[in-house]
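A.B. asks:
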Amino acid sequence: VSDFHFAELVRSHFDCTIALINDIDAQAVGEQKLGAGKGIDHLVYLYVGHGIGAGIIINGQLYTGSNHLAAEIGHMSINYDGQLCKCEHGIGCLESLSSKLAIVQAIQSAYQHGEQTTLAEHLSKDPLDLSAAKLADAIEQQDPLTMRIVTEAAEAFGAGIANVVNFLNPHVIVLGGDVVDEIDLFCDLAIASARRRSLPSSLQDMSIVRGGLGTTAGAYGAAVFAKQYIAQMRQRAE
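Each residue of the sequence shown is one higher than the last, beginning at 18 in our numbering.
1. What first and last residue would you give for the beta strand (DSSP E) that runs through Gly70?
2. Just grab the DSSP bridge partners of Tyr62 for me.
3. Excluding the 5 residues flanking Leu51 on each side, which residues of the same chain have their C-beta closer than 7 Å to its C-beta?
4. Following the continuous beta strand (DSSP E) through Gln78, name the residue where it begins and the one where it ends.
5. Looking at the secondary structure, which residues open and close the beta strand (DSSP E) in which Ile178 lies?
6. Let me check one thing: in DSSP terms, what residues is Cys110 bridge-paired to?
7. Within 10 angstroms of the Cβ of Val300, are there 16 or more other Cβ atoms? Answer buried if so, exposed if not.
8. Report the residue from Arg253, Val181 and Leu118 whose alpha carbon sits nearest the alpha carbon of Ser224.
9. Of all the options Thr81, Gly193, Leu202 and Asp154, which has the alpha carbon lying nearest to the alpha carbon of Ile38?
10. For Gln158, collect the residues of the same chain with a Cβ closer than 8 Å to its Cβ; drop the 5 residues on either side in sequence, then sort them by chain order.
11. State buried or exposed for Thr75, treating a residue as buried only when at least 16 other CB atoms are found within 10 Å of its CB.
12. State the start and end residues of the unbroken beta strand (DSSP E) segment that holds Ile124.
13. So, under 8 Å CB-CB, Gly193 and Gly228 are touching, yes? Tell me the CB distance rounded to an integer number of Å.
14. With 16 as the cutoff for other CB atoms within 10 Å, does Pro187 come out buried or exposed?
15. Please report the distance separating the alpha-carbon of Gln249 from that of Thr34.
16. According to DSSP, Ile247 sits in a beta bridge with which residue or residues?
17. Near Gly54, which residues of its chain fall below 7 Å by C-beta distance, leaving aside the five closest residues on each side in sequence?
18. Is it the case that the Cβ atoms of Ile120 and Ala170 are separated by a distance below 8 Å?
19. In this structure, what does DSSP give as the bridge partners for Ile156?
20. Skipping 5 residues on each side, what residues in its chain have a beta carbon closer than 6 Å to that of Asp198?
21. Which value, in whole angstroms, describes the spacing of the CA atoms of Gly131 and Ile124?
22. Is there at least one Cβ from chain C nearer than 8 Å to His22's Cβ?
23. State the DSSP-derived secondary structure class of Ser83, mapped to helix, strand or coil.
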């Protein structure tokens with residue numbers, strides 16, 4: 018949907034100030050103000066769930082770009098000769114390699130081509146309903162197919178992290194989302210992959226950590242953002 022002014026629509030029904038922020042940016046603000054990146058001025062928050070997204074904090078402020086479309090890391094091209102992404106414009110996008118949807122689709126494809134997996138029952142019913150927790154259970158059971166696909170996804174995500182490290186030189190990269198929170202193998206391998214691919218100088222005094230607020234990061238971040246936005250509006254009005 019484009020050219021839909023949601024904030025104006027809400028404002029027309031309620032006599033109040035409306036502050037609008039997307040979910041991943043809100044999570045980034047939450048982690049920077051109250052979570053794993055508390056007090057850090059240069060931070061990148063990377064989310065891995067059904068899709069992949071990011072939020073960027075520069076000099077303590079959320080960076081959203083010229084048209085509020087910054088940090089679409091899910092559509093960073095990792096494999097220039099890869100498959101067409103669902104965005105229909107990108108080839109080999111990170112989201113098509115490392116998101117939960119990509120992982121489940123890769124497992125399903127391998128299963129349909131004859132590979133065995135402990136997730137067979139779930140794949141026969143509704144594969145898109147497979148949770149990150151179920152994938153973690155399969156890894157706990159040493160399911161070879163799930164372990165291989167998750168490993169490949171984590172390696173690719175690590176390459177994406179390394180690109181962020183080398184390009185933005187943040188103090189901290191915070192990882193969040195259910196794939197990171199639930200699947201230790203994915204998180205550990207992605208961090209290791211990122212460190213192998215990043216410039217040594219960029220890794221100095223830089224850390225890659227899991228988020229500290231879990232699923233509440235967005236709520237905290239939205240509250241902080243709204244408070245800051247209202248304060249700015251009042252200051253401008255004075």
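All C-beta atoms in this analysis are idealised placements derived from N, C-alpha and C, irrespective of residue type, glycine included.
C.D. replies: On the basis of the data shown:
1. Ile69 to Ile75 is the extent of the beta strand (DSSP E) around Gly70.
2. The partner list for Tyr62 (beta bridge, DSSP) reads Gly72 and Val191.
3. The answer, listed in chain order, is Leu230 and Tyr237.
4. For Gln78, the enclosing beta strand (DSSP E) has its first and last residue at Gln78 to Tyr80.
5. Counted as a single uninterrupted DSSP element, the stretch harbouring Ile178 is not any beta strand (DSSP E) but the alpha helix (DSSP H) occupying residues Pro161 to Leu185.
6. Answer by DSSP bridge pairing, in chain order: Ser94.
7. Only positions 18 to 255 of the chain appear in this structure, which leaves residue 300 out of reach.
8. With distances taken between CA atoms, Ser224 lies nearest to Val181 out of Arg253, Val181 and Leu118.
9. Check the Cα spacing between Ile38 and each of Thr81, Gly193, Leu202 and Asp154: the tightest is with Thr81.
10. Closer than 8 Å at the Cβ level, and outside the excluded window around Gln158, lie Thr135.
11. According to the sequence as given, residue 75 is Ile; it is not Thr. Exposed: under 16 other Cβ atoms inside 10 Å.
12. Boundaries for Ile124: no beta strand (DSSP E) harbours it, while the alpha helix (DSSP H) harbouring it runs Lys117 to Gln129, taken from the DSSP string.
13. At roughly 4 Å, the Cβ-Cβ gap stays under 8 Å, so Gly193 and Gly228 are in contact.
14. Around the beta-carbon of Pro187, 16 or more other beta-carbon atoms lie within 10 Å, marking it buried.
15. Going from the Cα of Gln249 to the Cα of Thr34 covers about 11 Å.
16. The secondary-structure analysis by DSSP pairs Ile247 with nothing; it has no beta-bridge partner.
17. Cβ neighbours of Gly54 beyond the five flanking positions: Glu48, Leu60, Val189 and Val191.
18. A distance below 8 Å separates the beta carbons of Ile120 and Ala170.
19. Ile156 pairs with nothing; no bridge assigned.
20. For Asp198, where only same-chain residues beyond five positions count, there are no Cβ hits under 6 Å.
21. One C-alpha to the other measures close to 11 Å.
22. This model lacks chain C altogether; it includes just one protein chain.
23. Ser83 sits in coil when the DSSP states are folded into three classes, being neither helix nor strand.
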